[in-house]
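Okay, so here's the structure we're looking at.
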Amino acid sequence: MIRIQFHHDQEENITMFTMSGHAEAGPHGQDIVCAGASAVSIGAINAVHALCGVDLVVDLAGSEGGYLHCEVPENLDTKTYDQVQLLLKGMELSLHSMEQSYRSFMSIETDRR
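Under this note's numbering, the first residue of the sequence shown is numbered -4, with each subsequent residue one higher.
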């Protein structure tokens, strides 16, 4: 199962997220849930870099994949921070939509601090 945890601050901004595990919804290379979750999350990270000029703090681990940790830098100006949040919240919404269809393979938790 893919477990995703979002951390939000008091203003509901995403400060970090972690994805771990494998969906195991199909054979290796044919798992649409894993491929979809990976495409959405990596696509958002790439969009933040390309459109906002921000390098998020990213940790990918494991030779077999299955782990992604991402943090938003704290030193961004307000306009850039808001743009980053828009892209990350779009990612979060997409992952929640996937979770609705694939509950047996994905679990999302949100921590508000």
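Where is the CB? At the ideal position from N, CA and C, for every residue including glycine.
#### Entry: Nearest-angstrom Cα separation, counted from GLN25 out to ILE9
30 Å
### Message
If contacts are defined as beta-carbon pairs under 8 Å, then MET93 and ALA32 qualify, I think. What distance do you get, rounded to the angstrom?
### Response
6 Å
### Query
Based on Cα-Cα distance, which residue from GLY16, ALA20, LEU90 lies nearest to GLY60?
GLY16
#### Entry: Selection from SER96, CYS29, CYS65 that minimises the alpha carbon distance to VAL43
CYS65
#### Entry: HIS2 versus ALA45, ASP54, LEU83, residue with shortest Cα-Cα distance
LEU83
### Task
Between the Cα of VAL79 and those of LEU46, ARG107, VAL35, spot the shortest distance and give me the residue it belongs to.
LEU46
### Limits of the beta strand (DSSP E) - the one that GLN0 falls within
-3 to 3
### Query
Which ranges does the beta strand (DSSP E) cover as unbroken runs of at least 3 residues, wholly within the region 39 to 104, from first to last along the chain?
52 to 55, 62 to 66
### Task
Answer yes or no: do LEU63 and SER89 have a C-beta to C-beta separation smaller than 7 Å?
no
### Query
Taking the alpha-carbon positions, what's the PRO68 to ARG98 distance?
31 Å
### Same chain, Cβ closer than 6 Å to THR13, neighbours up to 5 away in sequence not counted
GLN0, HIS64
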